[in-house]
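See structure below.
Residue numbers (the numbering used here), protein chains in the order written: chain C, 1 to 178; chain A, 1 to 776.
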């Protein structure tokens, strides 16, 4: 499948996301000075039990907290060695768009936000908010749906391919750190 | 409104005049001795300062749905990366403009509906027909008194209120044109104004029809009536009314009664006109909310469909024609290209419709439309079976054409896995389709982009036939306003926080996961003894589920405005009574003056009344207007995830202490009151988030310690139950140790200590400096 919006009508305008490819990640990861991973509420994104484990591994590798949409928070409580924060995504995005927000550790706003597992149409508009009002942030969509409002997004792909691709991303980052 | 001309003293060659006063225009008999506040009939800038108070604390949060501005011939203009359009507009102001336009569309719908029903009722009953809402309701029109500053006594008095509303809508719409308003904050102030007049228009419409059409008058025991797609008796002729204006539907019932055949013809409705039909006559039936429209019409069960206004699918006449349902459109809002037969002799119109020479007509006369509908239904019903071409096998065989391209899913507004379900049906596995049925919005977008032209909505309907047959529910008919006596009973407990809150389920049926979540939310709050109220499509969808005892929530809970009850106020325009209840509390319980006194009452509600609305399936622009009007009065609204497409929220920042300062009325000191309520308009991603957010948003600075303790108990309990942890922001809502739930006190104090919590003063709160009474 190609880089057309997952929901066919979700065409925002001329500025649309660059397509993420596996081989880009070693380079990208070096630019992430202060990343934040945002986990949406879509349970089916984590049907493959390993995805959550890989996500936490990614968070640790890039030294990012995980902000988890409240209704999925319980699923992440078991990861005691990761910094997992429970917060409504709209509330979070409202803070992220303020350049001088202090962040969760009082050390200032983040420089990049990686979204995964959000309801497509909701996440699309959260990314739109950041596209328009948070020029200080780079945004990434790690979902299996092309999100034109992100700065970088995976293209549309099947569940099976996405599981492989996502795990591949974590592995490639892991190896770039070793 | 009369204009007063005074001449104190005039000497001219023509005459000498002293002390002359002339009143030009309509003179309203003045029997209301309440002193008028500062803003009767406020202009679009009179409440701007209040709006700025709100918008400073609850900064507009925009989620542009589209990066382009396409509103003039300069465009399209790309507004990304801080670029401005040819007219100079940036994305923030452009979003504010779009939000204002949406609110105006909503307000205009309610104002037009109000004008239509008022004109109809005045023609039937006369201008002097009294507005009377029952013996226990003296405060008949809280929003009209508050905004217009008049106390309406007769139907004719409502005309000047509508004149005002229509003038405001025109002025506001003008501000959206190129070369007018430029500031996003002022667009928002204007949107709040549009929302306010929308709410007043709803009140005009509903108190007029309650008074003149004998609807229930605040009756907690309003009758239980039938709802569901399975409740229609197909052995009878069936007339289906769709829309919001009950005039033609009531005339159908009148004609049936006059002819002595009421009961032998089914009169049913979809969307809010259905609510109002059952308020008019308990023999009428509710098929369901807007989301049932396409699927029910396709069943071909309706012999005649009568359209009035609002929420009517633009393709519904074509759909009706396909199954031989005859159509009568009745208002100037939906002419649909149909021939106008308003002045054509009835027998000719009936003949044209029956023969199918003209299968759909326009009749701008409710009584005539009612008579035609009945006569046509009686004649065409016997041939219904023959005209329904629906062949289940043929419909089902269409799934064999599916090649799993996924276009259906990618067109679905809520991303349902339709392709998987249809593809599975190829192998005669219909389980997935059955699951889709429970969540489907029946918008039909899936099939309109299907390259194989599979009639997906019909496939879903046929595979769910057994479920549809069993859709038989009970809903309490819309009771209308809250009684003054009920307000006296609960006002104190609400303001002090001892009743944890009022939760209103309002708006359309555009849910992310079907209606069951709505039922679960309503049940959760009723069990916890919040006051639960509902209206419109949400009120219907709360009824569309039975518990293990076979009861709907309306059978399980009483219909009073009291703790642990669930009440249905009625149709979309009955939302006015939910918002009006908060105004009534300020007046009846707290003795605050209403007359033209908007700011003070809004300040009272924002700081003291723990009411929150949940519009879980908000879809129509009317929902945007209603919510924005509620927001101006200080009532927070939570939207479901699809509500993000309204593009704007009003979100507070609990981490900015300076945003939560209020005056203490008694000392004049500015004090920190905590983030209560934290947001005015917020989009929750899931049911769980909506529940916990509502439990948080009912907190108000004025809560007594006992009240705050009760509210915190629910907030903490729900947070633990649904999120798995004690809330991280607890310290923001605890003013003193006495606020803490007793059973958890030690545990919570430990958490508070870790957060560096210190007690703060509990103020008598206001945002308005003029409310300070220090030294008096």
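Every residue, glycine too, gets a C-beta built ideally from N, C-alpha and C.
Residues near residue i in its chain [Cβ-Cβ closer than 6 Å; skip 5 each side]
i: residue 59 (chain C); result: 37, 66 and 82
i: residue 342 (chain A); result: 363, 364 and 365
i: residue 162 (chain C); result: 144
Buried or exposed by the 16-neighbour rule on C-beta atoms within 10 Å, applied to residue i
i: residue 108 (chain C); result: exposed
i: residue 251 (chain A); result: buried
i: residue 264 (chain A); result: exposed
i: residue 443 (chain A); result: buried
i: residue 721 (chain A); result: exposed
i: residue 180 (chain A); result: exposed
i: residue 776 (chain A); result: Any answer about residue 776 (chain A) is weak, because its pLDDT of 47 lies below 50 and its placement is not dependable; what the coordinates show is given next. Its Cβ having fewer than 16 others within 10 Å, residue 776 (chain A) is exposed.
i: residue 14 (chain C); result: exposed
i: residue 21 (chain C); result: exposed
i: residue 589 (chain A); result: buried
i: residue 258 (chain A); result: exposed
i: residue 407 (chain A); result: buried
i: residue 43 (chain A); result: exposed
i: residue 747 (chain A); result: exposed
i: residue 64 (chain A); result: buried
i: residue 743 (chain A); result: exposed
i: residue 734 (chain A); result: buried
Under the three-state DSSP convention, the category residue i falls into
i: residue 43 (chain C); result: helix
i: residue 535 (chain A); result: strand
i: residue 649 (chain A); result: strand
i: residue 91 (chain C); result: helix
i: residue 92 (chain A); result: helix
i: residue 628 (chain A); result: helix
i: residue 261 (chain A); result: coil
i: residue 776 (chain A); result: Low confidence applies here, because residue 776 (chain A) scores a pLDDT of 47, under 50, leaving its location unreliable and the question unanswered by this model.
i: residue 623 (chain A); result: helix
i: residue 665 (chain A); result: coil
i: residue 1 (chain C); result: Residue confidence for residue 1 (chain C) is low, a pLDDT of 45 falling below 50, so the modelled location carries little weight and cannot support an answer.
i: residue 655 (chain A); result: coil
i: residue 226 (chain A); result: strand
i: residue 472 (chain A); result: coil
i: residue 766 (chain A); result: strand
i: residue 528 (chain A); result: coil
i: residue 326 (chain A); result: strand
i: residue 297 (chain A); result: helix
i: residue 682 (chain A); result: strand
Neighbourhood of residue i by C-beta, 7 Å cutoff - its chain only, sequence neighbours within 5 removed
i: residue 136 (chain A); result: 218, 483, 484 and 485
i: residue 1 (chain C); result: Here residue 1 (chain C) scores only 45 on pLDDT, less than 50, and its place in the model should not be relied on; the value that follows carries that caveat. Once the five neighbours on either side are set aside, the close Cβ partners of residue 1 (chain C) are 155, 156 and 157.
i: residue 10 (chain C); result: 124 and 148
i: residue 399 (chain A); result: 422, 425, 426, 454 and 459
Bridge-paired residues (DSSP) for residue i
i: residue 340 (chain A); result: A:362
i: residue 153 (chain C); result: C:19 and C:141
i: residue 68 (chain A); result: A:78
i: residue 85 (chain C); result: C:67
i: residue 16 (chain A); result: A:11
i: residue 568 (chain A); result: A:534
i: residue 505 (chain A); result: A:534 and A:614
i: residue 464 (chain A); result: BP columns for residue 464 (chain A) are empty, so no partner.
Sequence-distant residues of the same chain with beta carbon closer than 8 Å to residue i, five excluded per side
i: residue 366 (chain A); result: 120, 247, 248, 250, 251 and 330
Check: Does the stretch 560-570 of chain A come close enough to the stretch 614-629 of chain A that 3 or more CB-CB pairs lie under 8 Å?
Finding: no
Margin query: For the stretch 290-301 of chain A against the stretch 310-321 of chain A, do three or more pairs of beta-carbon atoms, one drawn from each stretch, fall closer than 8 Å, so that the two count as touching?
Written below: yes
Next item on the list: Please determine if the stretch 79-99 of chain C and the stretch 623-643 of chain A are in contact, where contact requires at least 3 C-beta pairs separated by less than 8 Å.
Entry: no
Margin query: Whether or not the stretch 200-210 of chain A and the stretch 568-579 of chain A are in contact is what I'm after, with contact meaning three or more pairs of Cβ atoms, one per stretch, closer than 8 Å; do they touch?
Written below: yes
Margin query: Contact between the stretch 264-284 of chain A and the stretch 440-454 of chain A is defined here as three or more beta-carbon pairs at a separation below 8 Å; is this criterion met?
Written below: no
Notebook entry, point to check: Counting pairs of beta carbons, one from the stretch 694-707 of chain A and one from the stretch 667-680 of chain A, are three or more of them closer than 8 Å?
Noted result: yes
Margin query: Quick test of the definition: if touching needs 3 or more C-beta pairs under 8 Å, does the stretch 158-172 of chain A touch the stretch 105-112 of chain A?
Written below: yes
Checklist line | contact_flag[the stretch 652-664 of chain A, the stretch 620-628 of chain A] where n(CB pairs < 8 Å) is 3 or more | finding: no
Notebook entry, point to check: Touching or not, the stretch 41-59 of chain C and the stretch 125-140 of chain C, by the rule of three or more beta carbon pairs under 8 Å?
Noted result: no
Checklist line | Stretch pair the stretch 90-102 of chain A + the stretch 172-187 of chain A: three plus CB contacts closer than 8 Å | finding: yes
Checklist line | Proximal residues, the stretch 70-96 of chain A versus chain D, C-beta separation under 9 Å | finding: No chain D is present in this structure, whose protein chains are C and A.
Item checked: Cβ contact check for the stretch 47-60 of chain A and the stretch 183-194 of chain A: 3 or more pairs under 8 Å -> yes
Check: Is the stretch 493-513 of chain A touching the stretch 600-614 of chain A in the sense that three or more CB pairs, one from each, lie closer than 8 Å?
Finding: yes
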